Amino acid sequence: MKKNENIIYGRNPVLEAINSGREIEKIYVSKNAKGNISKIIKAARDKNIIVSTTDNGTLDKLSNYGNHQGIAALCSLYKYYEIEDILEYADERGEKPFILLLDGITDTHNLGAIIRTAEAFSAHGIIIPKRRSAVVNSTVVKTSAGATEYIKIAKVSNINNAIHNLKKQGVWIVGSSLDADVDFQNVDYTVPVAVVIGSEGGGMSELTKKNCDYIAKIPMRGNINSLNASVAASIFMYEVVRQRMGKA
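Just so we're aligned: 586 in our numbering is position 246 of the sequence shown, and the numbers increase by one with no gaps anywhere.
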C-alpha cells in the first residue's frame, strides 16, 4: 500500500505535529488505546482539532500497518488563511470585499466546484467551518482544477462568529434561501459583501439566517425548485461580478 504523506501516526509524532501548529484536519484515536493518551487529546482539543474515536483496523489502514500506538492524525493538503488575510487581500487590490461563506457544504465535489468558480470570478476568499463541512482534500483539489492554489480559504470554529466579525469590518451578509421573498438580483452587491451558501439538503442553519442582513432567492420556473449548491453559488457570484462591472 502506498504511504499517505498526509497521515502522521504514533503518539510522539502526533503530539509534535499538534504543538508545532501544523494544520490538522482530524485526529483518530483507538477506542482500545492503552496508556496515557489523554495529554494528546487535550492538546488537540485546546487547538480546536476534531478528535474521533475509531478501531484499530482503521488505524492500521491509515498508517499502512505501521506502529500507530492507537493514534493517527490526518493533516491538511492546504494551508488555510485567516479572515483578516482575505480582507487584507481585497484592500491590497483596492476592491470591496467579495467573500463566500459556506454553511454545511459537505460534498467535496461541490466544494471543489465552488472554489473553481470563485477563483474564476475573482472572489477574495472563501470561509468554511471546521465541523460539518468538506475540507480541502485531493478530491477538492482535482475538482477545483487547481484553483485551490490561487484562492484564499479560511477555516473557522464558528460560522456565526465569523459573520459577526465580518459585520464589524463593514461587510454585508447575503444569504441564499428558497424561502426568501427578495429576488437575488434586487440586492446591492457593489458594497462589501459575503454571500452565504447553505447545504443542498437543509440550506443555511436558522441561526445563520437570523444573522444575515438580507435573504435572497434565485427564482425558478421549472418543475424542480432547487439547485445544486455549487450552481447556486455560481449564479450569485456572477451577479456580484455583473453589478460591479456595471459600476466600474
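We put the beta carbon where it would ideally sit given N, CA and C, even for glycine. In this text, all values refer to a predicted model and were calculated from it rather than measured experimentally.
Residue environment, Val-514, which counts as buried when at least 16 other CB atoms sit within 10 Å
When all chains shown are included, Val-514 counts as buried.
What's the C-alpha gap between Ile-423 and Asp-519?
As the crow flies, the alpha-carbon of Ile-423 is around 29 Å from that of Asp-519.
Taking only runs of the beta strand (DSSP E) that begin and end inside the segment 479 to 520, which ones reach a length of at least 3 residues, in chain order?
You should have 493 to 496 and 512 to 516.
Figure out for me which residue from Ala-458, Asp-528 and Ser-462 has the closest Cα to the Cα of Ile-555.
Out of Ala-458, Asp-528 and Ser-462, Asp-528 has the C-alpha closest to the C-alpha of Ile-555.
Applying the 10 Å Cβ sphere with the 16-neighbour rule, what's the burial state of Lys-492?
Per the 10 Å Cβ criterion, buried.
Simplified DSSP state of Ala-474, which is helix, strand or coil
Residue state, collapsed to three classes: coil.
Asn-376 versus Arg-362: straight-line alpha-carbon distance, rounded
Rounded to whole angstroms, the separation of the alpha carbons of Arg-362 and Asn-376 is 22 Å.
Which runs of the beta strand (DSSP E) at least 3 residues long sit entirely within the segment 404 to 458? Give them in chain order.
Residue ranges of uninterrupted beta strand (DSSP E) with 3 or more members, entirely inside the segment 404 to 458 and ordered along the chain, are 411 to 415 and 438 to 443.
Taking the straight line between their C-alpha atoms, what separation do you get for Arg-584 and Ala-494?
Spanning the two alpha carbons is a distance of roughly 24 Å.
Might you give, ordered along the chain, the residues of its own chain that have their beta carbon closer than 6 Å to the beta carbon of Gly-357, omitting 5 neighbours on each side?
Inspection of the sequence shows that residue 357 is occupied by Ala rather than by Gly. Excluding positions up to five away in sequence, the list reads Ile-348 and Ala-413.
Just to confirm, is the Cβ distance from Lys-550 to Phe-524 under 9 Å?
It is not a contact, given that the beta carbons lie outside the stated cut-off.
Note down, in chain order, each residue of its chain lying with its Cβ closer than 8 Å to the Cβ of Tyr-578, except the 5 sequence neighbours on either side.
Phe-461.
In angstroms, rounded to a whole number, what distance separates the CA positions of Tyr-405 and Gly-350?
The alpha-carbon atoms of Tyr-405 and Gly-350 are separated by roughly 12 Å.
Do the segment 369 to 388 and the segment 440 to 458 touch if we need at least three Cβ pairs shorter than 8 Å?
Contact between the segment 369 to 388 and the segment 440 to 458 is absent, because fewer than three Cβ pairs lie under 8 Å.
Using the Cα positions of Tyr-429 and Glu-365, report the straight-line distance between them to the nearest angstrom.
About 25 Å.
Leaving out five residues on either side along the sequence, give the residues of the same chain with a beta carbon under 8 Å from the beta carbon of Val-496.
In chain order, Ile-423, Ile-467, Ile-468, Pro-469, Lys-470 and Ala-502 place their CB closer than 8 Å to the CB of Val-496, counting only its own chain and leaving out the 5 sequence neighbours on each side.
Distance between Ser-478 and Met-341 (C-alpha atoms, nearest Å)
The predicted model places Met-341 with a pLDDT of 38, which falls under 50 and marks its position as unreliable; any figure quoted below should be read in that light. Those two C-alpha atoms are separated by around 17 Å.
Rounded Cβ spacing between Tyr-368 and Leu-399 (contact assumed at less than 8 Å):
So it is a contact: roughly 6 Å between Cβ atoms.
Where Thr-639 falls: helix, strand or coil (DSSP)
Here the chain comprises residues numbered 341 to 588, so residue 639 is not present and cannot be evaluated.
Using DSSP with H/G/I as helix, E/B as strand and the rest coil, what is Gly-562?
If DSSP states are grouped into helix, strand and coil, Gly-562 belongs with coil.
Report yes if the CB atom of Asn-396 is closer than 9 Å to the CB atom of Ser-570, and no otherwise.
Judged by beta-carbon spacing, Ser-570 lies beyond the 9 Å limit of Asn-396, meaning their Cβ atoms are not closer than that value.
According to DSSP, which residues form a beta bridge with Ala-534?
Ala-534 has Ile-439 and Ile-513 as its beta-bridge partners, per DSSP.
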